[in-house]
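Residues -30 to -1, 1 to 377 in mature numbering (1 follows the signal peptide of the UniProt record, and there is no 0) are what the sequence shown lists, from first letter to last. For each residue, glycine too, the CB sits at the ideal point set by N, CA and C. No experiment lies behind these values; they were computed from the predicted model shown. Following: one structure in structure tokens, then a few remarks.
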Amino acid sequence: MIPRRRIRVTGAAALLAVALAACTSAPEGAESDGAPDEQLDLQREPVADGDQLPSAPAEELWLPYQVQQLALVRPPWPVGAAQERNGVFVAPQETDGALTFSAVDDEGTTLWSAQRPASCTGFVLTSTSDGQDIVVLADLEEASEGLATTASAYDLSTGDQVWGPVEVPGPHRGPGLVYAQMPDTFGDPEGALALDADTGQVLPVPEHEQVIGEHGGTVLTVDDTRLTALEPAQDGLDVRWQVPLEEHGWTNEEIATVAGTDPGPDMALLDVGTGEHVLLDLADGDVLAEGVRDAVTDAATGARVVLDDEGLHGIDPDGQDAWSAPAGAEAQLQAAGGALVYLLDDGAVRVHNTLTGEVATGYDSQGSGEIAVPELIAPTGAVLLTAGDASMLATTRPAEGVEDEEA
């Protein structure tokens, strides 16, 4: 799962500038065609660590019941920087003009760390076709004509290299393994391409189709008339489904995926030009919900929760509304997991049961201190929390004293 931040990614000619997650090289005609020495002299290969993160005091925090029995540690990352996959958290922190990426497991142990230039902020957590979890990091490397942007994949738990570096035509754009195709000189992206998680090679998308997203090997593309989902096949990519744009009143100039959000497995959030989103089922192309502001999936139960202008809704496995609850116009989804979904609404944190929609008792009503709100909830039970401007990780280890009480 990834943090709740959004970047609009279009398939039309007027694409967004993607410097938000850029690993850019100096274009032809720029003042310098090289990088500072310190940007090329970094510890690029992941180095195994094994150290435990420092403990975080819980006394001054208003913690949710969900984590009160768990040991807290303090990760080095800034708030909102981390992504999570199967209990491993990865995020960068800037130190001495470079980015240090570190991977931390659900017990609070640092698995490995690696450095990248400060502009190479884009990274992806995904898996190969045989189920190996990987992290893909961008980089800058010296090339015959200056600098080239590259991508390399590493085993998420060990840091061992899986493939790469492979050259990509621009910065990471997302969602998934999608990279912008930048012009030779300054300007907006001219398109995008998607990489194969197994090899790092460019996936063979038909020339007339624009790549707008990649979701676990499924590539979403759009052309003048259709939205298409392509899936891996023995000889390249096969069409999984196609949806005529006119069927929904969409146009290829407006349709886009929303990077930086994670609605859950086999789903995608699409911006269709209305200022709100459509929740799409990647299995068959069906629209699960319209007018969506955000969506999350509870990994523990598989329940899907959607926030729209009418409130909060649960969606069952058949795509039907299971429950509804009111939510304000400025409400924001924070995280879902352990059969709970956390919502910021009118300056307060509200918690709902993801299966029934009933308001849950998420916090002690007599609690005090800085309120800690879940940012990411791993399927293993670890929870990354935000308290003010600080991050902390509730691990799967019991808090000090809990083991003694249970014994």
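In DSSP terms, what residue i is bridged to
i, result
"Gln180", "Val192"
"Ile104", "Thr96, Asp125"
"Ser294", "His283"
"Ser83", "Val17, Ser72"
"Val319", "Leu314"
"Pro139", "In DSSP, Pro139 forms no bridge with anything."
"Met237", "Asp251"
"Ser361", "Thr356"
"Leu117", "Glu112"
"Ala306", "Val311"
"Ala164", "Val148"
"Thr267", "Arg274"
"Glu201", "Asp208"
"Ala259", "Leu249"
"Gln131", "Tyr124"
"His185", "Thr188"
"Leu346", "Leu354"
Cα-Cα separation between residue i and residue j, rounded to whole angstroms
i, j, result
"Pro34", "Thr356", "12 Å"
"Asp208", "Glu340", "51 Å"
"Arg320", "His178", "46 Å"
"Gly206", "Pro153", "27 Å"
"Gly186", "Gln336", "43 Å"
"Ala84", "Val266", "30 Å"
"Ala108", "Gly371", "42 Å"
"Glu30", "Asp291", "40 Å"
"Gly67", "Val58", "25 Å"
"Gly307", "Gln38", "15 Å"
"Ser338", "Trp32", "5 Å"
"Asn222", "Val181", "11 Å"
"Arg188", "Pro27", "A small correction: the amino acid at residue 188 is Thr; Arg does not occupy that position in the sequence shown. Taking the straight line from one Cα to the other gives about 43 Å."
"Arg274", "Ser294", "12 Å"
"Leu126", "Gly161", "29 Å"
"Thr271", "Glu115", "51 Å"
"Ser25", "Gly358", "18 Å"
"Trp82", "Leu117", "27 Å"
"Val136", "Ile285", "40 Å"
"Pro368", "Val353", "13 Å"
"Asp166", "Tyr124", "14 Å"
"Met362", "Asp264", "24 Å"
"Ala(-10)", "Pro174", "Its pLDDT being 39, under 50, Ala(-10) is placed unreliably by the model, and nothing is read from it."
"Asp251", "Leu258", "6 Å"
"Ala238", "Ala41", "34 Å"
"Ser(-6)", "Pro87", "Legend: pLDDT at Ser(-6) = 39, less than 50; position of this residue unreliable, value from coordinates given subsequently. Each residue's Cα considered, the two are about 11 Å apart."
"Ala318", "Val343", "10 Å"
"Ala348", "Val242", "30 Å"
"Thr70", "Val192", "36 Å"
"Asp21", "Ser72", "12 Å"
Assigned exposure category for residue i - 16 Cβ within 10 Å defines buried
i, result
"Val148", "buried"
"Pro141", "buried"
"Thr119", "buried"
"Glu112", "exposed"
"Pro145", "buried"
"Gly78", "buried"
"Ala226", "buried"
"Gln304", "buried"
"Arg36", "Checking the sequence, you will find Gln at residue 36 rather than Arg. Flag for Gln36 reads buried."
"Glu54", "buried"
"Gly183", "buried"
"Asp75", "buried"
"Ala18", "exposed"
"Asp256", "exposed"
"Pro16", "buried"
"Ala299", "exposed"
"Gly245", "exposed"
"Pro235", "exposed"
"Glu280", "exposed"
"Ser122", "buried"
"Glu328", "exposed"
"Pro45", "buried"
"Ala203", "exposed"
"Gly332", "buried"
"Thr198", "buried"
"Thr128", "exposed"
"Asp288", "exposed"
Any C-beta of chain D under 8 Å from that of residue i
i, result
"Ala364", "Although the question refers to chain D, the structure presented lacks it and comprises just one protein chain."
Residue i Cβ short of 7 Å to the ligand ADP heavy atom set
i, result
"Ile341", "This structure lacks the ligand ADP; in fact it carries no ligand of any kind."
Mind listing, in chain order, the continuous beta strand (DSSP E) runs of no fewer than 3 residues lying wholly within the segment 16 to 79?
Every unbroken stretch of the beta strand (DSSP E) spanning 3 or more residues and falling wholly within the segment 16 to 79 is given here in chain order: 40 to 43, 53 to 55, 58 to 65, 68 to 74.
Do the segment 211 to 218 and the segment 229 to 237 touch if we need at least three Cβ pairs shorter than 8 Å?
The answer is no - the segment 229 to 237 does not touch the segment 211 to 218, with fewer than three Cβ pairs under 8 Å.
Please determine if the segment 119 to 134 and the segment 162 to 170 are in contact, where contact requires at least 3 C-beta pairs separated by less than 8 Å.
Verdict: yes, contact present.
The segment 75 to 93 in contact with the segment 52 to 64 per 3-pair CB rule at 8 Å
The segment 75 to 93 is in contact with the segment 52 to 64.
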